[in-house]
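Numbering (this note's numbering), first residue to last: 3 to 584.
Note that beta-carbon positions come from the ideal geometry of N, C-alpha and C, so glycine has one too.
Contents: one structure, followed by commentary.
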Amino acid sequence: MSTILPRPIERIKQLVYASARFLKSECRDNPRRSTNNSKNSQQPSEDQIEIHQYPDPLFRNASITMPAALELDNGEHITYESACKKDVNIINEAIYPGARRQLFRKLWDQRATIQALVRHHLRLRDEDACIIEEQYIRGSFNVCIPVKVRSASFNKNLLFRCPMPHKLAEARYPGTIDEKLSSEVGTYVWMQEHCPDIPIPQLYGFGFSNNRHFIHEQRMPFYVRFWRKLQRYFRNYLRYPHLSQYALSPTCLRLPTAYMLLEHIGPDIGEELSNTWDEHRKDPVRRQNLFQGMARVILSLARIPQPRIGSFEFHNNGTITLTNRPLSCSMIILENDGAPRTISRNETYISTEPFVADMLKFHDDFFLTNPNAVSSMGDCLGQMAAKAMLRALSYRYIQRESRNGPFRLQLTDFHASNIFVDKDGNITCLIDHEWVCALPTEMISVPYWLTGCAIDNITEEKLREFEVVHEEFMNIFREEEVKMTPTNPPAITQIINDSWKSGAVWFWHCMTSVNAAWSLFDDHIGPRFLPLSTHSEGILAHYWCQGSPLVARRKVAEREQYVKQLQVLFDKKAGLSTEGHS
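Encoded structure:
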């Protein structure tokens, strides 16, 4: 078959379009070395469709030289100049697209096994239609495979959801995928039992990477359901760990990854809030409905006090306990980027102080191991000074009367991409519950993204705008708390307001931020005492650790070496010689 080449003018248009794609970059040059918090702009939403597009053969032998660009995990391409301005580790991120495509190929090759597992969980016959769609839905930490099930007893669209090992530090810390799944399933079980007012997808079953598969009781014989109901009654009476509605279901099927089988949330249920919020956030009716729904979600999770700081853990016998470390979204992002594991998997806290101390150490350790942590000597000293001051001031933000509990369940990834709403702004579904933790009540706050900007951009005019939104949200929050507990004063409302007035909210954001702590301290915490000058930062940096001048020089040297390695990476991408860059 011959290939029909395009006319010259069309060929030029194609080359110009390709060049523009390669030059596209999302970089924001911030001299304070802080970018967006968490995965707000760098991570794709959970419903982003991954479309496999391969290079057009017409461009393979193109004579026009274009700047080398690396593909990032969000599908964007970045040039060397933009990569040097980023404070994330681009060398690490350059690995993600290839790892993602490799995972997708493996899952596609295993589609017959996936079909068999779906039939196993739903107790379907071999002749029942189970269609695996070709377009996958890629999120920040998971890939979702759409599955259409058509049978006489079951006719629904589902998602076969698998965690992505390259985004969850699995290579560095084996078992993290199972830890994440165990925590998320435990949260599902808890919410099914104690938060029926929160709309969440139906969980039909799940499996761990060691081939332990669990199905819902509804798919089991009557006598098994009756026996487990009896067990649940006596366990609750004796105050034993709660028995979930999921039971071990052995099978010879093998899939080399953990997974969850979930209800697919389609347009008939709602639309992702992140797709509409910027357009409609000035609409007072939508805002009120959304704020009411968000307040109810926060209050419903926090309604039952928890005895310790941690996350839920799902056990082989179908029970859940609050015995896993507080596995937050930012913690897994930093561990995946090279942070040493400061908090072990089964470590929980019965007091706030040791938790704060370990979180500060966790961020300190990441700073020491991150080769791209600083941009200059001044930047390094400024970060070290902020870290020293955060540790020194932490006592001001820990409430003495509640430091030993009770603690409250909180969504550490309560983001617009995880919320589905109807046309009036009412919440119709909440997805992705893998990062729910029991944390100090003081950490509950108004979501910063309600003003449409990153947390380290909430300054000056944006801060005044956020103050208005904060007051509006808290007025609604107070009304909802009074409705939920009419016989008690709105205690959580008071704690959130006190945290806002004292500035503690910014301290707690420093604990959970991926890379905005210095900006938050510089903009919101330091000025409450004394703004730090360059000279004072140089002095305070000495109090962060012993031998701080040596540490600062080492960090600057690491940055220089990182830039050289980055140049080598881009040269390889461009097919150039790497001699002289070693």
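{"query": "Residue 557 beta carbon less than 9 angstroms from that of residue 586", "result": "No statement about residue 586 is possible, as the shown extent of the chain runs from 3 to 584 and does not include it."}
{"query": "Distance, residue 331 Cα to residue 193 Cα", "result": "19 angstroms"}
{"query": "Residue 485, buried or exposed, once every other Cβ within 10 Å from all chains shown has been counted against 16", "result": "exposed"}
{"query": "Host alpha helix (DSSP H) of residue 286 (start-end)", "result": "286-304"}
{"query": "Euclidean distance between Cα positions of residue 370 and residue 208", "result": "38 angstroms"}
{"query": "Given 8 angstroms, three or more beta-carbon pairs between the stretch 263-273 and the stretch 412-423", "result": "yes"}
{"query": "In DSSP terms, what residue 224 is bridged to", "result": "DSSP lists no partner for residue 224."}
{"query": "Sufficient close CB pairs (3 or more, under 8 angstroms) joining the stretch 161-179 to the stretch 82-101", "result": "yes"}
{"query": "When 379, 548, 506, 459 are compared against residue 537, the one with the closest alpha-carbon", "result": "379"}
{"query": "Contacting residues, own chain, Cβ-Cβ under 7 angstroms from residue 482 (five flanking each side not counted)", "result": "294, 297, 298, 301"}
{"query": "Pairwise C-alpha distance: residue 82 and residue 568", "result": "8 angstroms"}
{"query": "Limits of the alpha helix (DSSP H) - the one that residue 466 falls within", "result": "462-486"}
{"query": "Among 473, 72, 512, the one whose alpha carbon lies nearest that of residue 391", "result": "512"}
{"query": "DSSP three-state assignment for residue 448, whether helix, strand or coil", "result": "coil"}
{"query": "Straight-line Cα distance separating residue 153 from residue 345", "result": "47 angstroms"}
{"query": "When 92, 87, 86 are compared against residue 75, the one with the closest alpha-carbon", "result": "92"}
{"query": "Cβ-Cβ separation, residue 479 to residue 495 (assumed contact under 8 angstroms), whole Å", "result": "6 angstroms"}
{"query": "Beta-carbon contacts of residue 528 that lie in its chain and below 8 angstroms, excluding the five residues immediately before and after", "result": "388, 391, 534"}
{"query": "Through-space distance from residue 148 to residue 231, alpha-carbon basis", "result": "32 angstroms"}
{"query": "Beta-carbon separation (whole angstroms), residue 182 vs residue 292, contact threshold 8 angstroms", "result": "Not really, about 28 angstroms apart at Cβ, beyond 8 angstroms."}
{"query": "Coarse secondary structure for residue 542, derived from DSSP in three states", "result": "helix"}
{"query": "Contact check, residue 123 vs residue 221, beta carbons under 9 angstroms", "result": "yes"}
{"query": "Reduced DSSP category for residue 564 - H, G, I as helix; E, B as strand; rest coil", "result": "helix"}
{"query": "Inter-residue Cα distance where the pair is residue 272 and residue 550", "result": "53 angstroms"}
{"query": "Segments of 4+ residues assigned as alpha helix (DSSP H) that fall wholly inside the stretch 172-224", "result": "178-196"}
{"query": "When 498, 473, 545, 503 are compared against residue 290, the one with the closest alpha-carbon", "result": "473"}
{"query": "Contact the stretch 276-290 vs the stretch 426-438: 3+ CB pairs below 8 angstroms", "result": "yes"}
{"query": "Element boundaries [alpha helix (DSSP H), containing residue 83]", "result": "82-87"}
{"query": "Proximity to residue 322 [Cα-Cα], best of 189, 453, 397, 278", "result": "189"}
{"query": "Integer-rounded CB distance, given that residue 561 should sit under 8 angstroms from residue 377", "result": "7 angstroms"}
{"query": "Selection from 384, 507, 493, 522 that minimises the alpha carbon distance to residue 462", "result": "522"}
{"query": "CA nearest to the CA of residue 205, picked from 338, 276, 245, 433", "result": "433"}
{"query": "Per-residue burial, residue 234 [other beta carbons within 10 Å of its own, 16 or more giving buried]", "result": "buried"}
{"query": "Per-residue burial, residue 254 [other beta carbons within 10 Å of its own, 16 or more giving buried]", "result": "exposed"}
{"query": "CB contact flag (residue 539, residue 383, <9 angstroms)", "result": "yes"}
{"query": "Reference residue 554, options 510, 77, 373, 503, closest by Cα", "result": "373"}
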